[in-house]
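Peer 1: Residue numbers for the sequence shown follow this note's numbering, beginning at 32 and rising by one. Yeah, the Cβ is synthetic: ideal placement off N, Cα and C, and Gly gets one too.
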Amino acid sequence: MNKRDFLRNAGLASLAAGFIPSSFSLGKTQDNQACVLIPSETAGPFPLDLTANNFYFRHDIREGRPGVPFKLKMKINGIGNCAPMENVRVNIWHCTRDGLYSGYDNNMNAGQAGLTYLRGYQFTDANGEVEFMTIFPGWYSGRITHIHFQVYVSSAYAAISQMTFDIATKNGIYEANSGLYPNGADPMTVSQDNVFSDGSSEQFCSLTPNSAIGGYDGYFEVGIQGNGTVGVGYMESQNL
Numbered sequence: 032m033n034k035r036d037f038l039r040n041a042g043l044a045s046l047a048a049g050f051i052p053s054s055f056s057l058g059k060t061q062d063n064q065a066c067v068l069i070p071s072e073t074a075g076p077f078p079l080d081l082t083a084n085n086f087y088f089r090h091d092i093r094e095g096r097p098g099v100p101f102k103l104k105m106k107i108n109g110i111g112n113c114a115p116m117e118n119v120r121v122n123i124w125h126c127t128r129d130g131l132y133s134g135y136d137n138n139m140n141a142g143q144a145g146l147t148y149l150r151g152y153q154f155t156d157a158n159g160e161v162e163f164m165t166i167f168p169g170w171y172s173g174r175i176t177h178i179h180f181q182v183y184v185s186s187a188y189a190a191i192s193q194m195t196f197d198i199a200t201k202n203g204i205y206e207a208n209s210g211l212y213p214n215g216a217d218p219m220t221v222s223q224d225n226v227f228s229d230g231s232s233e234q235f236c237s238l239t240p241n242s243a244i245g246g247y248d249g250y251f252e253v254g255i256q257g258n259g260t261v262g263v264g265y266m267e268s269q270n271l
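(1) Apart from the five residues just before and just after G145, which ones in its own chain have a Cβ nearer than 6 angstroms to its Cβ?
(2) Which full runs of the alpha helix (DSSP H) of 4+ residues lie inside the stretch 196-261, going along the chain?
(3) Based on the DSSP secondary-structure assignment, which residues constitute the bridge partners of I166?
(4) Looking at C-alpha atoms only, which residue of N225, K201, G109 is the closest neighbour of I255?
(5) If you follow the beta strand (DSSP E) that F77 is in, where does it begin and where does it stop?
(6) I need the boundaries of the beta strand (DSSP E) containing R128, first residue and last residue.
(7) T195: buried (16+ other C-beta within 10 angstroms of its C-beta) or exposed?
(8) Let's test the definition: count the other Cβ atoms within 10 Å of the Cβ of E206 and tell me whether it reaches 16, buried, or not, exposed.
(9) Rounded to a whole number of angstroms, what is the C-alpha to C-alpha distance between E252 and P213?
(10) Suppose you measure from the CA of N118 to the CA of G159; what does that come to, to the nearest Å?
(11) Starting from the Cα of L73, find the closest Cα among C236, Q193, Y247, R120 and give me that residue.
(12) Taking F178 as part of the beta strand (DSSP E), name the residues at either end of that continuous run.
(13) Can you round the beta-carbon distance between G151 and R89 to whole angstroms, since I take them to be within the 8 angstroms contact cut?
(14) So, for P100: in the same chain, excluding its five sequence neighbours on each side, which residues have a beta-carbon less than 7 angstroms away from its beta-carbon?
(15) Would you call T176 buried or exposed, if buried means 16 or more other Cβ atoms sit within 10 Å of its Cβ?
(16) Which of the three DSSP states is assigned to D62 in this structure?
(17) So, under 8 angstroms CB-CB, T16 and A114 are touching, yes? Tell me the CB distance rounded to an integer number of Å.
(18) Could you give the DSSP three-state label for Y152: helix, strand or coil?
(19) So, helix, strand or coil for Y171, using DSSP?
(20) Shorter than 8 angstroms, the distance from the beta carbon of Q143 to the closest heavy atom of the ligand SAH, or not?
(21) With G134 and G169 assumed to form a contact (beta carbons below 8 angstroms), what rounded beta-carbon distance in angstroms separates them?
(22) If you draw a straight line from the alpha carbon of N270 to that of I69, how long is it in whole angstroms?
(23) Thinking C-alpha only, which one of Q223, V121, H179 is nearest K106?
(24) Where does Y135 sit, in a helix, a strand or coil, going by DSSP?
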């Protein structure tokens, strides 16, 4: 399959999937982020290149990893006109409840080489939205709880950043599910974290209990360069 067919078919598949959204409590998260450029952050230390690898084109990225169910919806907006960006590719990845990442084997991440859990991508629909089914991430020493993401708008531009969560709500999840999260409450504060210490309000994902899945919904808006409604990624996929 060539790149043009891959991008077009994957984009159409994401629209056709028709995942029914849950009821989200959006609050300030939605209001503040639609027209603000997301801060750029490092993709490390455990990124994998998912380009044109349709194995990772999936809604459910858990692969059986234990943890509190977490349904994450992301909306991608073009800050030029505050409108949704359609058919751009959104990659996410995060650690397990124990703080491990798939795909790597080193001193802090032993035995995970060749594994693929808790990674995936979707293409945004006409509302600029994607949705992933995963677990609420754990944490590891030196970093506050976070999720990595990349928004590929075109071959020339990608927004790379991270999201985190309200500390009290996040630690409440860990404390209420101590059997699932052996590391306990996350001791880090935002000011101590080397990524979020600038206090950017655009990088906080909302959390709302979801009794239907026995876990939480998350909602996160991302402002990227460009104008919405018809994204650059869509235009490029039609002309490769």
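Peer 2: Put simply:
(1) none
(2) 198-207
(3) P100
(4) G109
(5) Here F77 belongs to no beta strand (DSSP E), and DSSP marks it neither H nor E.
(6) Looking at the DSSP string, R128 is not in any beta strand (DSSP E), and its letter there is neither H nor E.
(7) buried
(8) exposed
(9) 30 angstroms
(10) 7 angstroms
(11) Going by the sequence as given, residue 73 is Thr instead of Leu. Closest by alpha carbon: Q193.
(12) The sequence given here has Ile at residue 178, not Phe. 178-185 is the extent of the beta strand (DSSP E) around I178.
(13) 5 angstroms
(14) I166, I244, G245, G246
(15) buried
(16) Reliability of the predicted coordinates at D62 is poor, the pLDDT of 46 falling under 50, and the value obtained from them is presented with this limitation in mind. In the structure shown, D62 sits in a helix (DSSP, three-state: H, G or I).
(17) The shown model of the chain, from 32 to 271, leaves out residue 16, and the question about it has no answer.
(18) strand
(19) strand
(20) For the ligand SAH, the structure offers nothing, since it holds no ligand at all.
(21) Rounded, the Cβ-Cβ distance is 17 angstroms, inconsistent with contact.
(22) Low local confidence applies: a pLDDT of 35 at N270 is under 50, so the model's placement there is unreliable, with the coordinate-based value given in what follows. Those two C-alpha atoms are separated by around 27 angstroms.
(23) V121
(24) coil
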